[in-house]
Every structure is written in C-alpha cells, then in structure tokens.
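Colleague: One line per chain: the protein sequences are A and B, in this order.
The number in my numbering is simply the position in the first sequence, starting from 1, with 91 added.
The numbers in my numbering rise by one with no breaks, and the one at position 424 of the second sequence is 415.
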Amino acid sequence: MRYLPLTDADRSAMLETIGAPDIDALFVDVPHEAQLDGPIRGLPMHASELAVERHMGRLAKQNLAAGDAPFFLGAGAYKHHVPASVDHIIQRGEFLTAYTPYQPEIAQGTLQMLFEFQSQVARLYGCDVANASMYDGSTACWEAISMARRITRKTRAILSSGLHPHYVSVIKTMARFTGDEIHYCAPSLDAAPDYAAMLDAIDDDTNCVVVQYPDILGRIGDLSAIAEKAQAHKALLIAVVTEPVALGAIKSPGEMGADIVVGEGQSIGVGLQFGGPYLGLFATRQKYVRQMPGRLCGETVDAEGQRGFVLTLSTREQHIRREKATSNICTNSGLCALAFSVHMTLLGEKGLRALAAENHRLACHAVDTLANVPGVTVLNDAFFNEFTIRIDGDAREIVRELAEKNILAGVSLGRLYPDETGLAGGLLVAVTETTSEDDIDALAASLKEALA
Amino acid sequence: MNAPNKSGWKPAMNADGESIGGPATHTGNRALMLEEELIFEIGGTDTTGVDLPQPDAFAQRRTGGLERTAEIGLPGLSEPETVRHYTRLSRQNYAIDLGLFPLGSCTMKHNPRLNEKVARMPGFADLHPMAPSTTTQGALAVIHELGEWLKTLTGMPAVAMSPKAGAHGELCGILAIRAALEARGDARKVVLCPESAHGTNPATAAFAGYEVEDIPATPEGRVDLAALEARLGPDVAAVMITNPNTCGLFERDFRKIADAVHAAGGLVYCDGANFNAIVGRVRPGDLGVDAMHINLHKTFSTPHGGGGPGSGPVVFSEALAPFAPLPFVEKTDDGFVLVEEETAGDRHASSFGRMTAFHGQMGMFTRALTYILSHGADGLKQVSEDAVLNANYVLRKLEDVLHAPFADSGPCMHEALFGDKGFAEGLSTLDLAKGLIDEGYHPMTMYFPLVVHGAMLVEPTETESKAALDQFIGAMRSVAERAIAGDETLKTAPHYAPRRRLDETLAARKPVLAWTEPAAE
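1) Mind listing, in chain order, the continuous beta strand (DSSP E) runs of no fewer than 3 residues lying wholly within the segment 395 to 475 of chain A?
2) Excluding the 5 residues flanking residue 507/A on each side, which residues of the same chain have their C-beta closer than 6 Å to its C-beta?
3) I want to verify the contact list: residues of chain B whose CB lies under 7 Å from the CB of residue 423/A, in sequence order.
4) Residue 324/A CB to nearest chain B CB: under 9 Å?
5) Kindly list the residues whose CB is nearer than 7 Å to the CB of residue 240/A, restricted to its own chain and excluding five residues on each side of it in sequence; keep chain order.
6) My parser needs the alpha helix (DSSP H) runs of 4 or more residues fully inside the segment 139 to 211 of chain B; what are they?
7) Report buried or exposed for residue 357/B, applying the criterion of at least 16 other Cβ atoms within 10 angstroms of its Cβ.
8) Under 7 Å Cβ to Cβ from residue 195/B, same chain only, skipping five residues before and after it: list those, please.
9) Output yes or no for whether 9 Å exceeds the beta carbon distance between residue 374/B and residue 95/A.
10) Less than 9 Å between the C-beta atoms of residue 53/B and residue 455/A, yes or no?
11) Bridge partners of residue 566/B, per DSSP?
12) Check each residue of the segment 357 to 372 of chain A: if its Cβ is closer than 7 Å to any Cβ of chain B, include it; give the result in chain order.
13) With three or more beta-carbon pairs closer than 8 Å as the criterion, would you say the segment 57 to 74 of chain B touches the segment 403 to 414 of chain B?
14) Can you list, in chain order, the residues of the segment 484 to 503 of chain B whose Cβ is nearer than 8 Å to any Cβ on chain A?
15) Grouping DSSP H, G and I as helix and E and B as strand, with all else coil, what is residue 350/A?
16) So, does the CB of residue 287/A fall closer than 9 Å to a CB anywhere in chain B?
17) Please return the same chain residues whose Cβ sits closer than 6 Å to the Cβ of residue 437/A, not counting the five positions on each side in sequence.
18) For residue 84/B, name the three-state secondary structure that DSSP assigns.
19) Indicate the three-state DSSP secondary structure (helix, strand or coil) for residue 274/A in the structure shown.
20) Please decide whether residue 406/B counts as near chain A, where near means a Cβ-Cβ distance under 9 Å.
21) In whole angstroms, give me the CA-to-CA distance for residue 377/B and residue 504/B.
22) Tell me whether residue 319/A is buried or exposed, calling it buried when 16 or more other Cβ atoms sit within 10 Å of its Cβ.
23) With 9 Å set as the bound, which would you pick, yes or no: does the beta-carbon of residue 281/A sit closer than that to a beta-carbon of chain B?
24) Between the segment 440 to 467 of chain A and chain B, which residues of the former have CB atoms less than 9 Å from a CB of the latter, in chain order?
25) State the Cα-Cα distance for the pair residue 307/A and residue 467/B, rounded to the nearest angstrom.
26) With a threshold of 8 Å, are at least 3 pairs of Cβ atoms found where one atom belongs to the segment 279 to 292 of chain A and the other to the segment 302 to 317 of chain A?
27) Take residue 486/B as the anchor and find which of 462/B, 442/B, 422/B and 437/B has the nearest alpha-carbon.
28) Compare the C-beta of residue 97/B against all C-beta atoms of chain A and say whether one is closer than 9 Å.
29) State the CB to CB distance for the pair residue 351/B and residue 302/B, rounded to an integer number of angstroms; the pair is presumed to be in contact (CB under 8 Å).
30) So, with DSSP's three-state summary, where would you put residue 501/B?
31) Which same chain residues, not among the five before or five after residue 432/A, have their C-beta less than 7 Å away from its C-beta?
32) Counting only the same chain and skipping the five closest in sequence on each side, list residues whose C-beta sits under 6 Å from that of residue 140/B.
33) Helix, strand or coil: how does DSSP classify residue 267/A here?
34) If you check the beta carbons only, do residue 479/A and residue 517/A fall under 9 Å apart?
35) Check whether the Cβ atoms of residue 505/A and residue 482/A sit closer than 9 Å, and answer yes or no.
36) Residue range of the alpha helix (DSSP H) that residue 385/B falls in?
Listed below in structure tokens is the structure:
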C-alpha cells in the first residue's frame, strides 16, 4: 500500500520492542466479539493510483460541468473565473497540510494570511472586524442570530421574505431546539423587496432583523430605514450577502447601519464544487467582538518585540469554555479563506470594481435580451448580477427541458419553494463575467422555443 | 562524496540569545528566512493582478441608486507580487509535508495528492449544487458510494452526509437524538460527557439545549461504568463518549455502557474523532452506537488546510435513521435522487430539518472516496494496525523518560498520552513543546485531555516510517531530559522559529483584529 511506509521487518522489530507477540495483542482491549476476523467483506481491496483515477474520472464525466454549457445558475453559489495562481497557492503543502495555527511561532504564514483576510472582509462588508471564517453562509447566518440573542437577550427574530430558503431552513431547524421565535413568510413576485411589512413587525421584543442583500430574487433595497427602526427598538440588523462580488458595485451593509454582516464567500476564489466546501464570512462592530463566534486572529508582538499574529479571544471558544462557549464550532474554513484572500489580493479594489461592473453590464444585457422573449417578464426593478424572470406554467419544466439541450437555464423557484404554488413560474437567472453574449442569446432562443 | 550534514543548520544565536556566526543583515532577512509585510503595506487600491475591462463611467446602472462611491480600501498586487507574497508566507508554516506532526486526536497523516487531482476534475469542481439532477448523476453517485463505504465500515444502517465538520456532525447527531426523544414524547434534559471529552461535546450538547454533566473516569483512564450506571435515569437523554477515548485507550466496557444507556431509555452518541485507530478492524455499530460522526479530514485524510474545511458525515442506527437531516441521496431504478425539500414528500416527514445550504462538503467527499478506494478493505485495516503499532512504539520508547499515567492500562490505541510529572520546578509542558519546535517538529497536543496534569498527547499516525519515528523519539527524549534537568533555555524556546514566543495576553487584552492605517507621525 503506497501510503504506508512500514515494512514487515519494521513491524516485527517494533512489536518486539513493544513486547507484543503480534498485532492482535495491541487490540486486546477490544472485546473479541466486536473484532472482525479479516478485511470487511463485500468491499474491494486496495487499488493503484491509475485504477482509482479511472474510476473517479468516469464518475466526473457523468456530470455536466458549468463550463461546458451556457450556464445561468446562482441562488447562493456563483460561477466566477478563479485566477490560476489562486489554486497554485492553496496547493502549497505549507498551507494545504498545516493544522489550525495553535503554535503561532511556526504558523505565522497562516496567521498573517488570516489577519489580512479578516481585514479584507471587514472592509468589503463596511464593518470594524471580521472573524477568520465559518463553515458557509447559511451556518454563519444562524450563528449571527445566536450572537444577537446573546447581546439583546431577546429571542424574536424577523427574517425577510427575500432570505435564501435554505438559510431559512437552517434557522428553523436550529430554532426548534433553541426556542427562538422565527417570523418568516415566503416572498411574492414583486418588483422590489417588501420592507414595509418588516418595518411594521419590528417591536421591543425583536432580537434581530435578518435581510438578504441582494435578496434571493436578486432585488436590492436600501437597508437604512430598517437599521434605524431596529436600533430604536434595541434590536440588531443582520445583513446577509450571498454574492460578495456585488459589494464592488453597491453600498456595503455596514455603511447602511447593519450591526452584523454575514454571508457566503464562495464567489471569490472558491469553485462551485457541488455546494461545498464554501466559506462563511462574518463581520460586526468592534463593541460586539467578545460575543462573536468563531476563530479570531489578532496582532501582537513576540519576546523580541517583533510583530506577529496569534489566535485570540479563545476564551469564547469550546476548547476553553466547553458548555459555556459562544458556539460549538471548532473549525473554520481556512483553506477557502486563503483562496478568498489570494483572489481578493489579485483583484484589489480596482479589480473588484471592474469585476462587479462587468457582471452588472452582462446582467443588464441579459435582462434586455430576455425581456424581448415572448412569454417572459423580468421581475426586478433593481438587480446586480442575478434577477428573476416569470413565465406562465412551471419553471421547473423549462429547466428540465433546457437541460436536455445542454443549457443550464437557472434555478427555478419551484425547486426552492416546493410548497408555494404562486412562485412556480419564477426562474432565477445569474450572469457573471464567465457568461458570454452567445450564452445569453442561446438561453433567449431556447426559452423562446420552449414557450412558443 | 561528502557525508550528509551531521552538524545541522548553523544557529544564528547562542543559548543566551546572543547573535553568533555572522553579522546583522540590512534587511533583517537571513538568506532563506524572509520577512514579509502585510498586503496593506505593499499593495495599493489602484494595483491589480487581473485583466478586466475597465468600467465605462457612462454605463447604465440598475442597482437602485445604491452605488458604492466611497473607497473600500482593498489593496491589490500584481500576479508576480501576489505569488511571492503568499509563497513567502507559506514558508513560515510547519506542515505535514515538512515533517512528523504528532498532534494527538487530530490525525495529521499524509494527504495523498491523487485526492487533490480528483477533486479538481471539472465534473466535480465546476458543478453547481442546484444543477438539474439529470446533469449531476456522477456527483450523486460519489456521495452515495462514499455513504455506502461509511455505513459498511461502521456497521450502521444510515448516514447523513451534509454536516460541514466534526462539531457540526456532533450537532447533527445530538439533534437527531433530541428529535427522536421528542417524537416519543420524552423530554429528557441531560447529556453526560466524560471529563476527558473534546470541548466540542459539551458545547454541542449545550448548543442543542441540554444540560451537561460529567461522567467520572476510573484511575486507569476509562469511563467508570458503575458510576455511570448509578447516574442513568429518566432525565438522561444521551451519553457522548469518544472511543477510542482521548487518553488513547479503547473503552473496554463500551457495549455494557451502551446497553445500560439503552435500558434506561437514553441514546448513545460516539465521538468518531479517533476512528482512525479501529477503521477496518472494529465496527462501532457492533458496540451499540446510535450516532457517530466521522471526521473525513482525520481518518480519511482530507487536508486540514490550516484550519478547515473539514467534513463530518454522521452514521445512524435504525432508531435514529428516520430523523436524519435533509438532504440525502437515494439510489433508485432511474438513477440517483437528491432527496431535499422538493423531493422528500411525506416519506421523510420526521427528518429534523436542514443543517446547511446545499448538500455538504462535496470537495471533501471526492477526496475521501479516492483515499478509501486507494486503500480498500485490506489497506484500511492496515491503516488502523500501523497507526496503533506506531503509537505503542512511541509509548514504550518514551515511558522511561516521560511519565505515562496509563502505561499500565493496557496497550494504547493510535495515540500515546504523557504527563509533566518529574519536570524540574518552573518547567512545563509548554516549554517542552516550544523546545520541540527548535528540534524541527510541530509539538504534540498540549494540556488535553484535562484529566492528566500537563498532558501531552502524541499521535504519530500510520504514514510515518520507523526511521522517522526513531528520529522523533530521539528529539522527544532529548527535550524531556532537558525539562527534567531544569534547562532554563527551554523557557525561552523557540530560539530558531520565525518568531520567538508571542504575547497572547497582549493580543487578548487589546485586540487588534484588522489592519488600520498607522497614525501619522
């Protein structure tokens, strides 16, 4: 077996040193009836690198990769071009095969990178501080609600109808066990988000208001009024950003008064990967730092006065506080945070703004093109790189039909909201810098044909 | 031919911290030891490493009048500068690729590069989670195939693949337990964890709304069965036990514990962090486990990546299977089906819900399945045997110099536990660990488990050769002897790392968590 260096001679010599007659003697504490008498039956034996690569390659070829078709899926996971150097750097063994930087003297590479990452995220979100990343956007969103509860000591959370339904499901799942009261209703197909209803719902018992920006239907609204009303009732505004590239074009939630900003970071540096691993971004105000979940990297000095970085404020965390910790989370999404940070460094402010502008330009072109297709109505007044179109009938059928022609048309609202029949005609269409004008024409033509 | 370098690298300073052997340098660098500034200090907001069309100032904007006009403050670097920045940073990290990484309970084994290659195949890497399932059959097949392996290796009938990491898997297991108890109208309040448990166990139970109580241990380092039985009752929802446990010992009485918990109406959660010690030789399902998470980044060698991403699938007994979260993959006559909100219907009405957007850590599934197929049933059995052999070898080669509190409790499993008894006054486990850094090793896990004073938990893993173990044992012996002899230079170690000891108290007292422009002089 190519990954196991011990030879049989080594094994015999080591058993002799230990004073054990054979390997079974080392498993003497395992009750006999719980031990298998040989390799588990019904499973294949070890295989060569070539054979395994062939098997996995065959499975990979049974999928239609996003890059091999006109592609318009989004809904919280976006296809962007990732520069080649990003993947090169995250494959360096010193990053790839390191552990959590608990021994800072020999982990300054990871630690300095995390400090830079935190600083980039805080600036992107318009906040004071960010943590070293979380599992993904959906889990970060639940952690934000928990954090708000610790700060306000209230338990009523108001979710906007524009919040990603998977995020809503995660929140509802967790709230069932924690006793948080969750106010939510599914969106309706309006041109702009319904903030009036949210403003009405905020009262003195409100812990937090959770608003996605841009929302699940791609709509964009000013969060300032919600922030003001929340503050007046000692509630927190949590903004959720599933497409961070948008913040190269539109105001950050922090600038509009959000207290906590969380979201998905996948768009920058991390591939689609069928849903994971991704990375949760989490930022807030300086004054709430000690209630923040997740790992934090901070600046300090070493014994000779040189600048260095360490994981800090770990008294919030499970390995110190155990059942009193702010979260049970033990890991972050370190390598994805590295990919995000490298890609963001390659972009810089100039590149991020150009990338955002290019996404928006192509999305505007797609909106105009699709609006001319008979039977298609574009829902949004405002959008960034994703918008909702409405057709008669069930958009799920259209998605299936177009997939058969190798066109990945978008995410149907019927799939996201199977119980909401009123949304069945909705289709989310995402357009990024990887979408060509030919792709958009192909989508328009095939929609026209399907709806004729 | 010249002999290999026996005298080693030339030290830059003597034991008193005085610079020897050469003059100070203009840059502060020392040949291959290179300092690197922050991107905020070397980059600029007008520099970029990508070629994109520059935005047209007169282009239409349909962003609702919310244009971002103020500067964001994100520095950019050209591509060559970017590659150099991160390459320089990378060289300040210790990693498995550089040497033995004996972190107990963390299982830092070799990360095969085939796994990386497979994960990057476009059919896996460039696949959207919401793509129509007719276009993702190969990906669903991977999730299904890996799930089947995990069920077979653990002897458990069901698996949830979506948890994002070990602690997330623990939460998944505990929520399923709570959902199952609630379904039978049984509102139990307490979860029992041994003192030696990972901190995530009590944190998870508390996060899921349970009160947490300790289970006492016997002097030999195992769960005290009699004390546990005495504590069981109608208020106990579950026990959470790590097996092999964090003292590196197999819980001999696990089956009796499980039977007692079941007889009292509770359920058994097994923390599978240490599955590496028994994979292919013992099936947790045969021990009475109801739920167990598997850290794919430990046993199945997906890279730790400097702190994640992990992946924590959970296997379930028949009793808990109906409560498993969405989504999951089912094999049907028409191919693989992703069972989620849209497709679940009434068949999965008792599922406790969803733990994350999308379907879990696919990028880790492809790596783990590649690892498993490479090893096969015979190779995985050899993995656990070599892991246990290597740990026992370390234990027996060091027990004369380091205090091994459970050396008489039988063979250890995949990790060897030592304490700081016998160290000279004023010298601690931390000092030994920092001394080990100077010897070119990442230290072992320190001060965990909590049940041993100054604990040192050493897990060599099966991917170390005997020669590598002998070299490590030599270094451990040397540093341990210095700690016993009261060598004061250990207190200021490391001397040769990119940084000396860092002031963690200062970092926590005045947290600086983001870069800010230095005030003008």
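All C-beta atoms, glycine included, are put in the ideal place defined by N, C-alpha and C.
Owing to the predicted nature of the structure, the values given are computational and were not obtained by experimental measurement.
Modeller: On the basis of the coordinates in this document:
1) Taken in chain order, the complete beta strand (DSSP E) segments of 3 residues or longer contained in the segment 395 to 475 of chain A are 398 to 402.
2) As a position in the first sequence, residue 507/A is number 416, starting the count at 1. If we look at residue 507/A and ignore the five residues flanking it on each side, its Cβ neighbours are 256.
3) Numbered from 1 along the first sequence, position 332 holds the residue referred to as residue 423/A. Correct list: 298 and 299.
4) For this step, residue 324/A is matched to residue 233 along the first sequence. Closer than 9 Å: no.
5) As a working mapping, residue 240/A is identified with position 149 in the first sequence. If you ignore the 5 residues before and after residue 240/A, its C-beta comes within less than 7 Å of the C-beta of 246, 271 and 298, all in its own chain and listed in chain order.
6) Runs of alpha helix (DSSP H) with 4 or more residues, each lying fully within the segment 139 to 211 of chain B, are found at 157 to 174 and 191 to 198, listed in chain order.
7) By one-based count along the second sequence, residue 357/B stands at place 366. With 16 or more Cβ atoms within 10 Å of its Cβ, residue 357/B is classed as buried.
8) By 1-based counting over the second sequence, the position of residue 195/B is 204. Close CB contacts of residue 195/B within its chain, under the 7 Å cut and outside five residues either way in sequence, are with 158, 161, 162 and 165 (chain order).
9) On the second sequence, residue 374/B is found 383 positions in, with the first residue counted as 1. On the first sequence, residue 95/A is found 4 positions in, with the first residue counted as 1. Inclusion of residue 374/B and residue 95/A in the CB contact set at 9 Å is warranted, their separation being smaller than that value.
10) For this step, residue 53/B is matched to residue 62 along the second sequence. For this step, residue 455/A is matched to residue 364 along the first sequence. Residue 455/A is positioned such that its CB atom lies closer than 9 Å to that of residue 53/B.
11) Residue numbering for chain B in the displayed model covers -8 to 512; residue 566/B lies beyond these limits and cannot be assessed.
12) Cβ contacts with chain B come from 362, 363, 364, 365, 366, 367 and 368.
13) Verdict: no, contact absent.
14) 485, 488, 489, 490, 491, 492, 493, 494, 495, 497, 498, 499, 502 and 503: these are the residues of the segment 484 to 503 of chain B whose beta carbon lies less than 8 Å from some beta carbon of chain A, given in chain order.
15) Reading the first sequence from its first residue, position 259 is the one you call residue 350/A. Note: residue 350/A maps to coil in three-state DSSP.
16) Sequence index remark: in the first sequence, residue 287/A carries index 196 (1-based). By this cut-off, residue 287/A is not an interface position.
17) Taking the first sequence and counting its residues from 1, the one referred to as residue 437/A is at position 346. Excluding positions up to five away in sequence, the list reads 174.
18) Here residue 84/B is taken as the residue at index 93 of the second sequence, counted from 1. Here residue 84/B sits in strand by DSSP.
19) In the first sequence, counting from the first residue as 1, residue 274/A sits at position 183. DSSP places residue 274/A in the strand class (E or B) of the three-state scheme.
20) As a working mapping, residue 406/B is identified with position 415 in the second sequence. No - not a single Cβ of chain A is within 9 Å of the one on residue 406/B.
21) For the purposes of this step, residue 377/B is taken as residue 386 along the second sequence, with counting starting at 1. For the purposes of this step, residue 504/B is taken as residue 513 along the second sequence, with counting starting at 1. Cα to Cα, residue 377/B sits roughly 42 Å from residue 504/B.
22) For the purposes of this step, residue 319/A is taken as residue 228 along the first sequence, with counting starting at 1. Answer is exposed; the Cβ neighbour count stays below 16.
23) In the first sequence, counting from the first residue as 1, residue 281/A sits at position 190. Cβ-Cβ to chain B under 9 Å: no for residue 281/A.
24) Cβ contacts with chain B come from 440, 441, 442, 443, 444, 445, 446, 447, 448, 449, 451, 452, 454, 455 and 458.
25) By one-based count along the first sequence, residue 307/A stands at place 216. By one-based count along the second sequence, residue 467/B stands at place 476. Roughly 56 Å separates the two Cα atoms.
26) Cβ pair count under 8 Å is three or more, so yes.
27) For the purposes of this step, residue 486/B is identified with residue 495 of the second sequence, where counting begins at 1. With distances taken between Cα atoms, residue 486/B lies closest to 422/B.
28) Sequence index remark: in the second sequence, residue 97/B carries index 106 (1-based). Yes, contact with chain A.
29) In the second sequence, residue 351/B corresponds to position 360, counting from 1. In the second sequence, residue 302/B corresponds to position 311, counting from 1. That belief holds up - the Cβ atoms of residue 351/B and residue 302/B are roughly 7 Å apart, short of 8 Å.
30) By 1-based counting over the second sequence, the position of residue 501/B is 510. Of the three classes helix, strand and coil, the one that applies to residue 501/B here is coil, per DSSP.
31) As a first step, residue 432/A is located in the first sequence; it is residue number 341 there, counting from the start. 204, 207, 208 and 211.
32) Locating residue 140/B in the second sequence gives position 149, where the first residue counts as 1. Counting only Cβ-Cβ distances below 6 Å, and skipping sequence neighbours, we find 363.
33) Against the first sequence, residue 267/A aligns to sequence position 176. Three-state result, residue 267/A: helix.
34) Translated into the one-based positions of the first sequence, residue 479/A becomes position 388. Translated into the one-based positions of the first sequence, residue 517/A becomes position 426. The Cβ atoms of residue 479/A and residue 517/A lie closer than 9 Å to each other.
35) Indexing the first sequence from 1 puts residue 505/A at position 414. Indexing the first sequence from 1 puts residue 482/A at position 391. No.
36) Within the second sequence, the letter at position 394 stands for residue 385/B. 353 to 389 is the extent of the alpha helix (DSSP H) around residue 385/B.
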